[in-house]
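> Have a look at this one.
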Amino acid sequence: MQTIKCVVVGDGAVGKTCLLISYTTNKFPSEYVPTVFDNYAVTIMIGDEPYTLGLFDTAGQEDYDRLRPLSYPQTDVFLVCFSVASQASFENVKEKWFPEVRHHCPGVPCLIVGTQVDLREDSMGNKPRKNVKFITTEQGEQLSRELMAIKYVECSALTQKGLKNVFDEAIVAALEPPVQKKKSKCLIL
Numbered sequence: 120m121q122t123i124k125c126v127v128v129g130d131g132a133v134g135k136t137c138l139l140i141s142y143t144t145n146k147f148p149s150e151y152v153p154t155v156f157d158n159y160a161v162t163i164m165i166g167d168e169p170y171t172l173g174l175f176d177t178a179g180q181e182d183y184d185r186l187r188p189l190s191y192p193q194t195d196v197f198l199v200c201f202s203v204a205s206q207a208s209f210e211n212v213k214e215k216w217f218p219e220v221r222h223h224c225p226g227v228p229c230l231i232v233g234t235q236v237d238l239r240e241d242s243m244g245n246k247p248r249k250n251v252k253f254i255t256t257e258q259g260e261q262l263s264r265e266l267m268a269i270k271y272v273e274c275s276a277l278t279q280k281g282l283k284n285v286f287d288e289a290i291v292a293a294l295e296p297p298v299q300k301k302k303s304k305c306l307i308l
């Protein structure tokens with residue numbers, strides 16, 4: 120069975136672990152536990168072929184800047200995450216995460232993922248919370264073009280809105296990298 124390695128990076132507390140747990144178990148975790156490193160695996164069918172989708176969760180905190188790249192070798196696709204409710208995490212996609220991933224794994228496809236979209240509206244469909252300037256879909260798409268990411272996608276691990284699409288797009292990116300980019304897996308020598 121073929122394996123697709125998908126590594127999830129982004130600032131701490133943007134919802135990376137919730138994204139993975141919600142996708143793999145269909146349940147939203149009830150408490151926040153900062154991740155050092157964890158991985159999950161799901162079997163998916165692509166056509167008639169079974170694949171193992173290996174999902175690697177990483178710590179976003181600066182304390183793990185030296186440890187985190189140890190999870191990068193042989194990566195097929197990266198999900199670079201930020202919270203749509205956090206301007207700082209959005210800026211770090213450009214300032215920290217893309218440079219880190221491109222340095223260690225040039226040529227490996229990256230998707231930018233806006234998480235926690237449920238925070239834009241509460242459950243009653245009311246306006247978003249006051250004093251929070253949310254990142255718009257257009258801003259995410261613009262950043263994706265600027266950084267030449269494969270795509271910009273959004274989701275909510277809480278409501279599962281857009282969740283399956285994130286991983287469907289990651290699988291497509293891993294299996295069919297754009298023609299202009301050389302297919303290469305991440306190697307740290």
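For the sequence shown, our numbering begins at 120 and goes up steadily by one.
The C-beta atom is built at its ideal place from N, Cα and C for all residues, glycine as well.
None of these values were measured; they are calculated from a predicted model.
Mind checking whether Ala-289 and Leu-282 have CB atoms under 8 Å apart?
Contact flag unset, no.
> So, for Phe-175: in the same chain, excluding its five sequence neighbours on each side, which residues have a beta-carbon less than 6 Å away from its beta-carbon?
Excluding residues within five positions, the ones whose Cβ falls inside 6 Å are Val-126, Asn-158 and Ser-190.
> Could you name the residues of the same chain whose beta carbon sits closer than 7 Å to that of Ser-263, not counting the 5 residues immediately before and after it, in chain order?
Result list for Ser-263: Ile-231, Lys-270 and Tyr-271, in chain order.
> Compute the Euclidean distance between the alpha carbons of Pro-169 and Thr-162, then round it to the nearest angstrom.
Their backbone Cα atoms lie some 7 Å apart in a straight line.
> So the alpha helix (DSSP H) Tyr-142 belongs to, where does it begin and stop?
135–144 is the extent of the alpha helix (DSSP H) around Tyr-142.
> Just mark Ala-268 as buried or exposed, buried being the case when its beta carbon has 16 or more other beta carbons within 10 Å.
Looking at its Cβ environment, which holds 16 or more other Cβ atoms inside 10 Å, Ala-268 is buried.
> Return the residue from the list Asp-287, Leu-139 and Lys-252 that minimises the CA-CA distance to Gln-206.
Nearest option by C-alpha distance: Lys-252.
> Note down, one range per segment and in chain order, each beta strand (DSSP E) of at least 3 residues found wholly within the segment 156–215.
Entirely contained in the segment 156–215, the beta strand (DSSP E) runs reaching 3 residues are, in chain order, 156–165, 168–177 and 196–202.
> Report yes if the CB atom of Glu-273 is closer than 8 Å to the CB atom of Val-203, and no otherwise.
Contact flag set, yes.
> Consult DSSP for Thr-256 and reduce its assignment to one of helix, strand or coil.
Helix, per DSSP.
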